[in-house]
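Residue numbers (our numbering), protein chains in the order written: chain A, 27 to 373; chain B, 5 to 317. Each residue gets a CB set at the ideal place from its N, CA and C atoms; glycine is no exception. These notes are about the structure you will find just below.
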């Protein structure tokens, strides 16, 4: 018995892989829920009800999914080119900080200000990843470690800013930045809920990234660089240029996540505004098999787990960390499932 | 300025250096062992969290401190085994698998902690390892308090550096491990099994990482809380590169890093008008600078991050 590489991954297997991975992860997590003395089926039922049971909970879930779409796209774009951007969390905060900063002082009408702020957030994220990408290309410094360490640096910097120059004097000592001007807030998608048009921006971004990856020279170069860097270079693709382009795009997407979250939900920046959106984005990207369309679906799944777990925790007493366990298990089971799409077992 | 200099002459600073360095020494040795065999283990951050929680939990539930260390090591080894299975026989991406292990191990540690331990207003505590005054030597001026009044795990860490250096450089086992990291095909040709060597190295390395994590809850503090590893695992990954994959240099790197960490903590109290976040950032910035400095002459194990498959070149 041995593994043999498939020439093409059949579509039904590619679609089946994330479903199988999710089932396996839920099955493994069921053991942990049972250990808490709770019936896993009942617990999962509570989760579904908590995330999808009412109009309000669905909008909450979609609000949670919005930043995950952006960070998922950021990871997908980078991982396709084997640029290991683990700094989504830092880029998220960079985008959020710059948006709140400029958005508080900018004097402009909303139709002009919002695009400016979104672009500023993208630029901040892109620049933050351009550094590690440059260090890799120029000095051969592994970008995994540098992007990871930058996450800590950026969050500390955010802390510094919101306790110093950007402190909100009206927040009663709560460490929070000044809010963006109310004319820049993204309009609600459904009135009287937190769901905002950022979701549509996210879906549009996914479509755009798909188009860029599938239909442009840059997209083809990205894929070639990821599949076989040496062959790509031999074919005349400039690896430094391609990787830098990927870094700018990936960083911009993660920065946009922070920007949209500020304009759509929080108005100001806090160091606790992200429950790990950057890291969860990696899981989203893997569950989507790095495909932009899959990212939207995977983001909705991960958001369902997180929002549902909070409700389930309130109802059954199972610690809400079970959501993080399920999401992490999904990542591990997904990479195993993907193995079956690229290899087949031969006797 | 003189106050900043005075801090350097304080023995408590130098004793703290060794204490802060200990979890890093364990972590960096573990990461080094995995990478010398050719497997990058980004699970380190989660494995350290797992070790911190399980070691503490065992003692909290009534086990002696030593059993706590053992429990931490075994739980770390179990996580390492998952990473090893995914990356060695299955040959999956070491980056993605490692990150998955980190996410999984920390989430599982937090989940089990919340499930088993009743947390009130204050996290429950244990009786941690106490400093072990070595007779006579601990009475030496300067050297005594710094070198000979540490907790037992610190001495074990220093001993482990010597053992690791000896095993890697001077024993057939070490040669086999290093060869697996450089050229697994040659290992196979020698009649050894590169799969087994890699799995063994990752499992043992992960156990070391977990012991490093357990130092945080069983010596440095006496309780566990989410987020307490704070990137120490990632810093260990950086230190391995800084140390050119050599145990002796790894010890040096960990001590250097711990010195800056201990010094910035004390500087915060004497330097005024500088936000404390800048001091806290310094260790992370320093790690990046160190990586840039050594990147040019890094002697990376040739087969690092390359999965080995029989009959494939």
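(1) Looking at the secondary structure, which residues open and close the alpha helix (DSSP H) in which residue 371 of chain A lies?
(2) Measure the beta-carbon distance from residue 375 of chain A to residue 274 of chain A and round it to whole angstroms, keeping in mind my assumption that it falls under 8 Å.
(3) Which residue or residues does DSSP assign as beta-bridge partners of residue 155 of chain B?
(4) What residues match up with residue 189 of chain B in a beta bridge as DSSP calls it?
(5) Is the segment 203-212 of chain B touching the segment 76-84 of chain B in the sense that three or more CB pairs, one from each, lie closer than 8 Å?
(6) Compute the minimum distance between the beta carbon of residue 362 of chain A and the heavy atoms of the ligand COA, and state whether it is under 7 Å.
(7) By the 10 Å Cβ neighbour count, where 16 or more other Cβ atoms means buried, how is residue 356 of chain A classified, buried or exposed?
(8) If you draw a straight line from the alpha carbon of residue 310 of chain A to that of residue 81 of chain A, how long is it in whole angstroms?
(9) Which residue comes first and which comes last in the alpha helix (DSSP H) that contains residue 226 of chain B?
(10) Indicate whether the contact test is met: 3 or more Cβ pairs, each with one atom in the segment 249-267 of chain B and one in the segment 130-143 of chain A, closer than 8 Å.
(11) Within 8 Å of any Cβ in chain A, is that where the Cβ of residue 104 of chain B sits?
(12) For residue 115 of chain A, which of helix, strand or coil comes out of DSSP?
(13) Name the chain A residues that come within less than 9 Å of residue 154 of chain B, Cβ to Cβ?
(14) Would you mind telling me which residues of chain A sit closer than 8 Å to residue 97 of chain B, beta carbon to beta carbon, in chain order?
(15) Is it true that the segment 55-63 of chain B meets the segment 241-255 of chain B, where meeting means three or more beta-carbon pairs spaced less than 8 Å apart?
(16) Would you grab the beta carbon distance between residue 77 of chain A and residue 120 of chain A for me? Rounded to a whole angstrom, and I think it's under 8 Å.
(17) Thinking just about the alpha-carbon of each residue, which of A:178, A:179 and A:208 is nearest to the one in residue 132 of chain A?
(18) Quick check: is the beta carbon of residue 118 of chain B nearer than 8 Å to any beta carbon in chain A?
(19) Report the CB separation of residue 96 of chain A from residue 233 of chain A in whole angstroms; it is logged as a contact under 8 Å.
(20) Of all Cβ atoms in chain A, is any one closer than 8 Å to the Cβ of residue 300 of chain B?
(21) Counting C-beta neighbours from all protein chains within 10 Å, is the total for residue 256 of chain A 16 or more, i.e. buried, or is it exposed?
(22) So with Cβ pairs under 8 Å, would you call residue 46 of chain B a contact of chain A?
(23) Count the other CB atoms within 10 Å of the CB of residue 226 of chain A; is the residue buried (16 or more) or exposed (fewer)?
(24) Alpha carbon to alpha carbon, how far is residue 34 of chain A from residue 368 of chain A?
(25) Can you tell me the Cβ-Cβ gap for residue 233 of chain B and residue 52 of chain B, rounded? I've got them flagged as a contact below 8 Å.
(26) Put residue 222 of chain A into one of helix, strand or coil per three-state DSSP.
(27) State yes or no: is the beta carbon of residue 118 of chain A nearer than 8 Å to at least one beta carbon in chain B?
(28) Quick one: give me the first and last residue of the alpha helix (DSSP H) that residue 231 of chain B is part of.
(29) Count the other C-beta atoms from every protein chain shown that fall within 10 angstroms of the C-beta of residue 365 of chain B, then say buried if there are 16 or more, exposed otherwise.
(30) What did DSSP end up calling residue 218 of chain B once you bin it into helix, strand or coil?
(31) Nearest-angstrom Cα distance between residue 260 of chain A and residue 292 of chain B?
(32) Measure how close the beta-carbons of residue 155 of chain B and residue 133 of chain B come, nearest whole angstrom, since I'm counting them as under 8 Å.
(33) So, with DSSP's three-state summary, where would you put residue 250 of chain B?
(34) Going straight from the alpha carbon of residue 204 of chain B to that of residue 313 of chain B, what length do you get?
(35) Taking 8 Å as the threshold (beta carbon to beta carbon), is residue 190 of chain A in contact with chain B?
(36) Can you pull the DSSP bridge partners for residue 193 of chain A?
Considering the structure as presented:
(1) According to the DSSP assignment, residue 371 of chain A belongs to no alpha helix (DSSP H) but to the beta strand (DSSP E) extending over 369-372.
(2) Absent from the model: residue 375 of chain A. The displayed extent of chain A is 27 to 373, so no value can be given.
(3) Bridge partners of residue 155 of chain B: B:135.
(4) The partner list for residue 189 of chain B (beta bridge, DSSP) is empty, contrary to what the question assumes.
(5) Yes, they touch.
(6) Although the ligand COA was asked about, the structure shown includes no ligands whatsoever.
(7) Its Cβ being crowded by 16 or more others within 10 Å, residue 356 of chain A is buried.
(8) Taking C-alpha positions only, residue 310 of chain A is separated from residue 81 of chain A by approximately 24 Å.
(9) For residue 226 of chain B, no alpha helix (DSSP H) run applies, since DSSP gives it neither H nor E.
(10) Counting Cβ pairs under 8 Å, fewer than three are found: no touch.
(11) Yes, because at least one Cβ of chain A sits closer than 8 Å to the Cβ of residue 104 of chain B.
(12) In this structure, DSSP gives residue 115 of chain A a helical state, which the three-state scheme calls helix.
(13) Within chain A, no residue comes near residue 154 of chain B; the closest Cβ sits about 27 Å away, beyond 9 Å.
(14) Chain A residues near residue 97 of chain B: 361.
(15) Under the 8 Å Cβ criterion, the segment 55-63 of chain B does not count as touching the segment 241-255 of chain B, having fewer than three qualifying pairs.
(16) With a beta-carbon spacing of about 29 Å, residue 77 of chain A and residue 120 of chain A fall beyond the 8 Å limit used to define contacts.
(17) Of the candidates A:178, A:179 and A:208, the one whose C-alpha sits nearest the C-alpha of residue 132 of chain A is A:208.
(18) Under the Cβ distance rule, residue 118 of chain B counts among the residues neighbouring chain A, one pair being separated by less than 8 Å.
(19) Contact flag wrong, Cβ pair sits at about 13 Å.
(20) Chain A, which has a Cβ nearer than 8 Å to the Cβ of residue 300 of chain B, makes this yes.
(21) Residue burial annotation: residue 256 of chain A is exposed, with fewer than 16 other C-beta atoms found within 10 angstroms of its C-beta.
(22) Residue 46 of chain B counts as touching chain A.
(23) Exposed.
(24) So the alpha carbons of these two residues sit roughly 7 Å apart.
(25) Taking C-beta atoms under 8 Å as the contact rule, residue 233 of chain B and residue 52 of chain B qualify, at a distance of about 5 Å.
(26) Strand.
(27) Output row for residue 118 of chain A: interface = no.
(28) Per DSSP, residue 231 of chain B is not a residue of any alpha helix (DSSP H), being assigned neither H nor E.
(29) With chain B running from 5 to 317 in the structure shown, residue 365 of chain B is simply not present.
(30) Three-state result, residue 218 of chain B: helix.
(31) Taking the straight line from one Cα to the other gives about 31 Å.
(32) Confirmed, about 4 Å.
(33) In the structure shown, residue 250 of chain B sits in coil (DSSP, three-state: anything other than H, G, I, E or B).
(34) Near 17 Å, if we compare the C-alpha coordinates of residue 313 of chain B and residue 204 of chain B.
(35) Under the Cβ distance rule, residue 190 of chain A counts among the residues neighbouring chain B, one pair being separated by less than 8 Å.
(36) In the DSSP output, where bridge partners are listed per residue, residue 193 of chain A has A:203.
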